Amino acid sequence: MSISRPIPLVLLCILYLVLAGVALWRTISTGAIDLFTLGVIPVLVGIVLRTSWSLWALRIYLFIQTLGLLALAATALMALQITPEDVKLELAGRNIPLLPLAAVLLALLLFQYWVAFSANTKCFLQQEKSD
């Protein structure tokens, strides 16, 4: 019996595909290799090919993202304690508000956790391929 690909996993693959495209574009345009974002490529390949290691790769990559976000949050909180008026994030000359950015990043992280630890995802990725 074959299970269809879970919708949350499809959405995660689309998100990772966009992230992989941005990571490759950034790597080509700057010449700097960023393993934090390029690490999504093996995870995406593993999920698409339904390899035996894909679930572990997804969970490890998610753990790395969590550590990165925690480091960023800790740094921002320390900077806010020292000089709150100097803490700002700019992208292409535009000021990005930190609270909405933190909310979006947390929501993305929680979505990924939900998909990575979902029973449907586990069943789908551990099921033998029929083709």
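Per full-length UniProt numbering, the very first residue in the sequence shown carries number 1; after that it's consecutive.
Glycine residues also receive a C-beta, built at the ideal position from the N, C-alpha and C atoms.
Just so it is clear, the structure is predicted and the values come from calculations on it, not from any experiment.
When rounded, the separation of the alpha-carbon atoms in TYR113 and THR83 is 33 Å. A buried status is given to GLY46, since no fewer than 16 other beta-carbon atoms sit within 10 Å of its beta-carbon.
By the Cβ test, the region 54 to 67 is not in contact with the region 24 to 34, since fewer than three Cβ pairs between them sit closer than 8 Å. Taking the Cβ atoms as the reference, VAL115 lies roughly 5 Å from LEU12, within the contact range of under 8 Å. Distance between ASP34 and LEU105, taken at the CA atoms: about 19 Å.
In this structure, the straight-line span from the alpha carbon of LEU15 to that of ALA74 is close to 26 Å.
Its chain contains GLY46 as the residues whose beta carbon lies nearer than 8 Å to that of TRP53, once the 5 sequence neighbours on both sides are disregarded; these appear in chain order. Beta-bridge annotation (DSSP): ILE96 is paired with LEU89. Scanning GLY93, ALA76, PRO97, LEU108 for the CA closest to the CA of GLN65 turns up LEU108.
For ILE41, same chain residues with a beta-carbon under 7 Å away, outside a window of 5 residues either side, are ALA20 in chain order.
In the same chain as LYS122, and ignoring 5 residues on each side of it, the C-beta atoms closer than 7 Å to its own belong to LEU55, in chain order.
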